[in-house]
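J.:
Protein chains: 2
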Amino acid sequence: MKLATYRDGSRDGQLVVVSRDLATAHYASGIATRMQSVLDDWNFLAPQLEELSQSLNHGRARHAFAFEPEKCMAPLPRAYQWADGSAYINHVELVRKARNAEVPESFYTDPLMYQGGSDDFLGPREPIVCPDVTFGIDFESEVAVITGDLPVGCTPDAALEGIRLVMLANDVSLRNLIPAELAKGFGFLQSKPATAFSPVAVTLDELGSAWMHGRLNLNLESTWNGKRVGLTDAGPEMTFHFGQLIAHICKTRNVRAGSIVGSGTVSNKDWSRGYSCIAEKRAIETIEGGAPKTPFMRFGDTIRIEMKDAAGASIFGAIEQKVARG
Amino acid sequence: MKLATYRDGSRDGQLVVVSRDLATAHYASGIATRMQSVLDDWNFLAPQLEELSQSLNHGRARHAFAFEPEKCMAPLPRAYQWADGSAYINHVELVRKARNAEVPESFYTDPLMYQGGSDDFLGPREPIVCPDVTFGIDFESEVAVITGDLPVGCTPDAALEGIRLVMLANDVSLRNLIPAELAKGFGFLQSKPATAFSPVAVTLDELGSAWMHGRLNLNLESTWNGKRVGLTDAGPEMTFHFGQLIAHICKTRNVRAGSIVGSGTVSNKDWSRGYSCIAEKRAIETIEGGAPKTPFMRFGDTIRIEMKDAAGASIFGAIEQKVARG
Chain A
1 MKLATYRDGS
11 RDGQLVVVSR
21 DLATAHYASG
31 IATRMQSVLD
41 DWNFLAPQLE
51 ELSQSLNHGR
61 ARHAFAFEPE
71 KCMAPLPRAY
81 QWADGSAYIN
91 HVELVRKARN
101 AEVPESFYTD
111 PLMYQGGSDD
121 FLGPREPIVC
131 PDVTFGIDFE
141 SEVAVITGDL
151 PVGCTPDAAL
161 EGIRLVMLAN
171 DVSLRNLIPA
181 ELAKGFGFLQ
191 SKPATAFSPV
201 AVTLDELGSA
211 WMHGRLNLNL
221 ESTWNGKRVG
231 LTDAGPEMTF
241 HFGQLIAHIC
251 KTRNVRAGSI
261 VGSGTVSNKD
271 WSRGYSCIAE
281 KRAIETIEGG
291 APKTPFMRFG
301 DTIRIEMKDA
311 AGASIFGAIE
321 QKVARG
Chain B
1 MKLATYRDGS
11 RDGQLVVVSR
21 DLATAHYASG
31 IATRMQSVLD
41 DWNFLAPQLE
51 ELSQSLNHGR
61 ARHAFAFEPE
71 KCMAPLPRAY
81 QWADGSAYIN
91 HVELVRKARN
101 AEVPESFYTD
111 PLMYQGGSDD
121 FLGPREPIVC
131 PDVTFGIDFE
141 SEVAVITGDL
151 PVGCTPDAAL
161 EGIRLVMLAN
171 DVSLRNLIPA
181 ELAKGFGFLQ
191 SKPATAFSPV
201 AVTLDELGSA
211 WMHGRLNLNL
221 ESTWNGKRVG
231 LTDAGPEMTF
241 HFGQLIAHIC
251 KTRNVRAGSI
261 VGSGTVSNKD
271 WSRGYSCIAE
281 KRAIETIEGG
291 APKTPFMRFG
301 DTIRIEMKDA
311 AGASIFGAIE
321 QKVARG
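Protein chains in written order, with my numbering: chain A, 1 to 326; chain B, 1 to 326.
(1) By the DSSP assignment, the alpha helix (DSSP H) with Leu39/A in it spans what residues?
(2) What is the rounded straight-line gap between the Cα of Gln340/A and the Cα of Ala23/B?
(3) Quick one: what does DSSP say Arg99/B is sitting in, helix, strand or coil?
(4) Candidates Lys251/B, Thr252/B, Phe240/B, Ala144/B: which alpha carbon is nearest Val92/B's?
(5) Where does the unbroken alpha helix (DSSP H) through Thr286/B begin, and where does it stop?
(6) Buried or exposed: which applies to Lys293/A, given that a residue is buried once 16 or more other Cβ atoms fall within 10 Å of its Cβ?
(7) Among Leu165/B, Asn219/B, Phe135/B, Glu105/B, which has the Cα closest to the Cα of Ser276/B?
(8) Find the residues of chain A that neighbour Tyr80/B, judging by a C-beta separation of less than 9 angstroms, and give them in chain order.
(9) Look up Gln321/A in the DSSP assignment and give the residues it is bridged to.
(10) What residues from the segment 157 to 190 of chain A come within 9 angstroms of chain B, judged by C-beta to C-beta, listed N to C?
(11) Where does the unbroken alpha helix (DSSP H) through Ile178/B begin, and where does it stop?
(12) Taking Cβ positions only, does His248/B come closer than 9 angstroms to chain A?
(13) Going straight from the alpha carbon of Asp8/B to that of Gly123/B, what length do you get?
(14) Pop quiz: His26/B and Ala61/B are said to be a contact at Cβ under 8 angstroms. What is the actual Cβ separation, rounded to whole angstroms?
(15) Along the beta strand (DSSP E) that carries Glu70/A, what are the first and last residues, could you check?
(16) Can you tell me whether Tyr88/A is helix, strand or coil according to DSSP?
(17) Got a sec? Which residues, its chain only, sit under 8 angstroms from Gln190/A by beta carbon, not counting five neighbours each side?
(18) Is the separation between the beta-carbon of Glu118/A and that of Ser118/B shorter than 9 angstroms?
(19) Answer yes or no: the CB of Cys250/B versus the heavy atoms of the ligand ADP, is any distance below 8 angstroms?
(20) Helix or strand or just coil, what does DSSP make of His63/A?
(21) Please check if any C-beta of chain B sits within less than 9 angstroms of the C-beta of Tyr88/A.
(22) Using a Cβ-Cβ cut-off of 8 angstroms (strictly less than) and excluding sequence neighbours within five positions of Lys71/B, which residues of its own chain qualify?
(23) In whole angstroms, what is the alpha-carbon distance linking Arg268/B and Tyr114/B?
(24) Look at the alpha carbon of Pro131/B and the alpha carbon of Gly274/B, and state the distance between them as a whole number of angstroms.
(25) If we count the other Cβ atoms within 10 Å of its Cβ and call it buried at 16 or more, is His213/A buried or exposed?
(26) What does His26/B pair with, by DSSP beta-bridge criteria?
(27) Cβ of Val261/B less than 9 angstroms from any chain A Cβ?
(28) Could you tell me the distance, in whole angstroms, from the CA atom of Ile163/B to the CA atom of Lys2/B?
(29) Compile a chain-ordered list of the residues in the segment 127 to 143 of chain B whose CB is closer than 8 angstroms to at least one CB of chain A.
(30) Which residues of the segment 265 to 295 of chain A have a Cβ closer than 8 angstroms to any Cβ of chain B? Give them in chain order.
(31) Could you name the residues of the same chain whose beta carbon sits closer than 6 angstroms to that of Phe135/A, not counting the 5 residues immediately before and after it, in chain order?
(32) What runs of the alpha helix (DSSP H), each 4 residues or longer, lie entirely inside the segment 128 to 178 of chain A?
(33) According to DSSP, simplified to helix, strand and coil, what is Leu218/B?
(34) Compute the beta-carbon to beta-carbon distance between Val152/B and Asn225/B, rounded to the nearest angstrom, for a pair I have assumed lies under 8 angstroms.
(35) Alpha carbons only, please: which of Ala64/A, Glu105/A, Gln48/A, Arg282/A is nearest the one belonging to Ala183/B?
(36) Tyr108/B CB to nearest chain A CB: under 9 angstroms?
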């Protein structure tokens, strides 16, 4: 099934079930009003939502209406956890190579992850508001999962069983704030403003055989100012699958229902596939020509992030954001 | 007023109002059942809770019962944000001096903060469960605040107006995991297991003149295995006050209601006041004798963290935790 959260003026919005073709939707209010409630009580509520989803897909839902992604908040408008990996090691290799730094050997066995802010996510059509364009505004096209409860010490395989929903993310980054912030040693804070998510989050069965052992084997499209700049394969080159990323957090603590875990920028060794963040394009330019040429985003720029299935249908709907001064 | 959350088997527990002397409590269920609901709608709900608090303090609340801190979850059992500062620069100076590192000049003007996990907090009497004692289990006695909504670009003074509640925190750290994790560059993840909070969170008026411009001018007691090891003054040596810490987050994003912001380990230049975390004691030993002597916590160890007012009464109740293998 596919789930979304409609804006209704409240902090958590209204849960809706969306049809597979993203054409119609139906309020889930007879079952649950908020996405977090469903995650808190998944085994009881998910089957009921599944039933509504079936009716909707078969055109039998009584009060269906046209689905409008413009009305969406993030599927989970605020979350108790947002931890983002950097699971495509090719991205790390490129960025480091551009600044003549080595990738430590441990990075191939120990996932790189950061704890992000999760109190104020953006809906798929909300602007990226930034006070200062010199902060170096960049998009990062990613895949993300929402989990159920997973206990401390959980293995990667067991963690896979706890994945409830999959969606897309734009992990907006302020590149020019990153070097000084990371030099302080405590990770990201100011350099990661609000993250945006796709209109819908979907259960694994919606992904069919494209979902395989914690990796999503489909292409992620990034379109910047109307030009497709990336068509990167999210599958085989994901060095650490989602179960490994979740288990990494579980080493010393529980992961509770509604935690969101991101893949990091999807990145491929084949440069002809393009890029899922500008920083990577700039790294390639630096490696090839000694200096970056492509500037970061400007006020008024647009970014569209989408993933299509084998038949060319959009799975999650598109993230479409504009950069705004604010 | 003083608020707490009683364990009831649910994820968010039951909100209770606690009397000033921590002797009695009353369910707030006629007003709100969960702490986050109160933070989401503070201006409407807080006055009603205040009224109940007055009745309780005057012995006029009908269904009051004896307050038992053992029944408490964290005041906010899970939160949409937990960002912890390192606001007592003396702590940073000591730790760096012990490893012959300099404190960068910017650390005196730009707060050091990290984004922590907030999906699974510990109540004040819940054990610190750790799979391996060689991780280097340490307590960190801190002051923390819970905020309302604050907009991006908010000033430190305006941020002070958004502080709703104050409580104590034990920001448990796994010291021996920290060096390798921070060397990866993305901050803490595995080295910060679940944080514990005091039985009650209190509004600023409960602190009287001890709360002054974002600092809490009272002593924080840390008692390790029954021995008081720290009686540190949380006030004057807090280099960055809570408004500055919150405004630091607000530079590039909104801070939403229910965000928890911590002070970091309370630390004083006068070593005779003791310590609020073992790492600091070990730093002092290293500076004085070339090597640390005090080991980190062992399974079965206890830690008690408490703060008393000028009259000697406990303000927040005590955090009392035992270290357990798990």
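Glycine residues also receive a C-beta, built at the ideal position from the N, C-alpha and C atoms.
T.: According to the data block:
(1) 35 to 40
(2) Residue numbering for chain A in the displayed model covers 1 to 326; residue 340/A lies beyond these limits and cannot be assessed.
(3) coil
(4) For the residues Lys251/B, Thr252/B, Phe240/B, Ala144/B, the minimum Cα distance to Val92/B belongs to Phe240/B.
(5) Thr286/B -> alpha helix (DSSP H) spans 278 to 289.
(6) exposed
(7) Asn219/B
(8) Arg78, Ala79, Tyr80, Gly117, Ser118, Asp119, Asp120
(9) Ile303/A
(10) Leu174, Leu177, Ala180, Leu182, Ala183, Lys184, Gly185, Phe186, Gly187, Phe188, Leu189, Gln190
(11) 178 to 183
(12) Interface residue, yes.
(13) 13 angstroms
(14) Rounded, the Cβ-Cβ distance is 5 angstroms, consistent with contact.
(15) From DSSP, Glu70/A is part of no beta strand (DSSP E); its letter is neither H nor E.
(16) Per DSSP, reduced to three states, the secondary structure at Tyr88/A is coil, with no helix or strand assignment.
(17) Excluding its 5 nearest sequence neighbours in each direction, Gln190/A has C-beta neighbours in its own chain below 8 angstroms: Leu174, Leu177, Glu181, listed in chain order.
(18) A small correction: the amino acid at residue 118/A is Ser; Glu does not occupy that position in the sequence shown. Closer than 9 angstroms, so yes.
(19) Looking for the ligand ADP in the displayed structure turns up nothing, as the structure carries no ligands at all.
(20) coil
(21) For Tyr88/A, the answer is no, since every Cβ of chain B falls outside 9 angstroms of its Cβ.
(22) Tyr6, Arg7
(23) The displayed chain sequence assigns Asn, not Arg, to residue 268/B. Answer to the nearest angstrom: the Cα atoms are 21 angstroms apart.
(24) 29 angstroms
(25) exposed
(26) Val17/B
(27) no
(28) 14 angstroms
(29) Val129, Cys130, Pro131, Phe135
(30) none
(31) Leu174, Asn176, Leu177
(32) For secondary structure counted as the alpha helix (DSSP H) over 4 or more consecutive residues, the segment 128 to 178 of chain A holds these complete runs in sequence order: 156 to 161.
(33) Three-state result, Leu218/B: coil.
(34) Contact doesn't hold; Cβ gap of about 45 angstroms is too wide.
(35) Glu105/A
(36) no
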